[in-house]
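Note that numbering that gives the first Met the number 0 numbers the sequence shown so that position 177 is 176, with each residue one more than the last.
Even for Gly, the Cβ is constructed at its ideal location relative to N, Cα and C.
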Amino acid sequence: MEEIFSKEELMIFLNQIEEEGLSEFEVTEPYFENRLLKVEIKDGEYEAELTGKNNFEMPISKDEYWDKDEIPGFREYKECLISSGFVEYENWDRFKHWIRSLYESEKDPGLSSESIFLTIDTNLAYYRFISRKFPLRYDDMTIDAKDFDYLLSSIVESEIDHHIRDKYGDSDLKMMGMHTEIGDIRYEFRNRGTLETRKSKFATEELNYLRGELNSARVKGKVSKTDSEKNDIMIVESLEEFCWEKNIDVALLSTDRNMGNHAENAEIAFFILEMPHSIPKRKKVDSEIILNLLHDMALMYGVIQVPELSTDLLGIWGGKKDDHYSSESVKAWVNPGSPVESQLKRDMNVLNSLKTF
Numbered sequence: 000m001e002e003i004f005s006k007e008e009l010m011i012f013l014n015q016i017e018e019e020g021l022s023e024f025e026v027t028e029p030y031f032e033n034r035l036l037k038v039e040i041k042d043g044e045y046e047a048e049l050t051g052k053n054n055f056e057m058p059i060s061k062d063e064y065w066d067k068d069e070i071p072g073f074r075e076y077k078e079c080l081i082s083s084g085f086v087e088y089e090n091w092d093r094f095k096h097w098i099r100s101l102y103e104s105e106k107d108p109g110l111s112s113e114s115i116f117l118t119i120d121t122n123l124a125y126y127r128f129i130s131r132k133f134p135l136r137y138d139d140m141t142i143d144a145k146d147f148d149y150l151l152s153s154i155v156e157s158e159i160d161h162h163i164r165d166k167y168g169d170s171d172l173k174m175m176g177m178h179t180e181i182g183d184i185r186y187e188f189r190n191r192g193t194l195e196t197r198k199s200k201f202a203t204e205e206l207n208y209l210r211g212e213l214n215s216a217r218v219k220g221k222v223s224k225t226d227s228e229k230n231d232i233m234i235v236e237s238l239e240e241f242c243w244e245k246n247i248d249v250a251l252l253s254t255d256r257n258m259g260n261h262a263e264n265a266e267i268a269f270f271i272l273e274m275p276h277s278i279p280k281r282k283k284v285d286s287e288i289i290l291n292l293l294h295d296m297a298l299m300y301g302v303i304q305v306p307e308l309s310t311d312l313l314g315i316w317g318g319k320k321d322d323h324y325s326s327e328s329v330k331a332w333v334n335p336g337s338p339v340e341s342q343l344k345r346d347m348n349v350l351n352s353l354k355t356f
């Protein structure tokens, strides 16, 4: 059985696991069949156990591998944990207090006579920061992404777009088959994006969210293809100029301390999110984070496997369309004999029939 699930529709998949009486399931990567995640289910709650950093050591010589950068490592694993919301930024509580103060000043004409626009640096697009972190709940208040206006730098757009370029060819797939355990499923990768391209497509969807759902204004700037530090300076300078022209205030969000220095010199408000220093071995999480993890890992690795269900979840496949990216879809290969095959087929038939109305 092959079926494309949006991220929300993957909830059917999770529900079916529980209905089958399975108390846990594992998620593995396809290249060396290492475990990425073990999820325990109890009374509709999820507790996830992560794998250790040593699990990402490549079990072959770098000299004999066609391109070591095409195997996601611990860095990419950690990126999935951050983008999914499994681990929080070190100063997350301080950010919530800061954004609430910004929200209150935006809503109170006595505190500020000018509009406040949020803007993100390139790095936060890769973590889907705005689309994943809002609505944000703090004390008794809920702050929605649409409570703010947004600016989007053309330099940020260009930096991300610059990395959407490479695809797997037949020679890549041949070498992938020789040096890993991925098997024939790799042929779904033909003419699909390499690891760097997949990451950038993920970030592009955050830009599409800002442009589409949040109607962000575009700030033009000159981009350098070779000097990222120069781009950081140009982002801030173009924001400063735009704000003066339009008589607005802007607040810059980034994980880069240097961006904070540039913003401070330009007298632009900013908040620098601190990357997590440690990762918990186990953590109780809600279904939304599990769904985020399944999608983000499938896209990062190209495909992930759920052995207990004889199921592969593909993040890239032949024929993947733009709306599959925007709906954060995965393609499920449910192998014959899987304990969830018949029920999933029935549920998806019902769901697809409802879509026609």
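Per DSSP, residue 136 is one residue of the beta strand (DSSP E) stretching across 135-137. For residue 324, the three-state secondary structure derived from DSSP is helix. Here DSSP, grouped into helix, strand and coil, assigns residue 85 to coil.
Inter-residue distance for residue 304 and residue 278 is about 23 Å (C-alpha atoms, whole angstroms).
In summary, residue 246 is exposed, with fewer than 16 beta-carbon neighbours lying within 10 Å of its beta-carbon over all protein chains present. When the alpha-carbon of residue 264 is set against those of 276, 234, 274, the nearest one is in 234. Note that the stretch 178-196 does not touch the stretch 131-149; fewer than 3 beta-carbon pairs, one per stretch, sit closer than 8 Å. The C-beta distance from residue 350 to residue 12 rounds to 12 Å, too long to fall under 8 Å, and the pair is not in contact. Residue 316 places its beta carbon less than 7 Å from that of residue 187. Excluding the 5 residues flanking it on each side, residue 288 has same chain C-beta neighbours closer than 7 Å at 83, 84, 85, in chain order. For residue 69, the number of other beta carbons within 10 angstroms of its own is at least 16, and it is reported as buried.
For residue 144, no alpha helix (DSSP H) segment is defined, and its DSSP state is neither H nor E. DSSP places residue 253 in the uninterrupted beta strand (DSSP E) bounded by 248-253. Per DSSP, reduced to three states, the secondary structure at residue 205 is helical.
Counting the other Cβ atoms within 10 Å of the Cβ of residue 200 gives 16 or more, which makes it buried. In this structure, the beta-carbon distance from residue 55 to residue 73 falls below 7 Å. For residue 128, the enclosing alpha helix (DSSP H) starts and ends at 128-132. By the criterion of a C-beta distance shorter than 7 Å, residue 52 is surrounded in its chain by 73, once the five residues flanking it on both sides are discounted. Rounded to whole angstroms, residue 130 and residue 267 show a C-alpha spacing of 23 Å.
Bridge pairing for residue 243: absent [DSSP].
In the three-state scheme derived from DSSP, where H, G and I count as helix and E and B as strand, residue 297 is classed as helix.
In summary, residue 197 is buried, with 16 or more beta-carbon neighbours lying within 10 Å of its beta-carbon over all protein chains present. Proximity of the stretch 150-160 to the stretch 112-128 meets the contact definition, three or more beta-carbon pairs being nearer than 8 Å.
Contact annotation: the stretch 216-227 does not touch the stretch 317-331, with fewer than three C-beta pairs closer than 8 Å.
Nearest Cα to residue 238 within the set 194, 262, 330, 227: 262.
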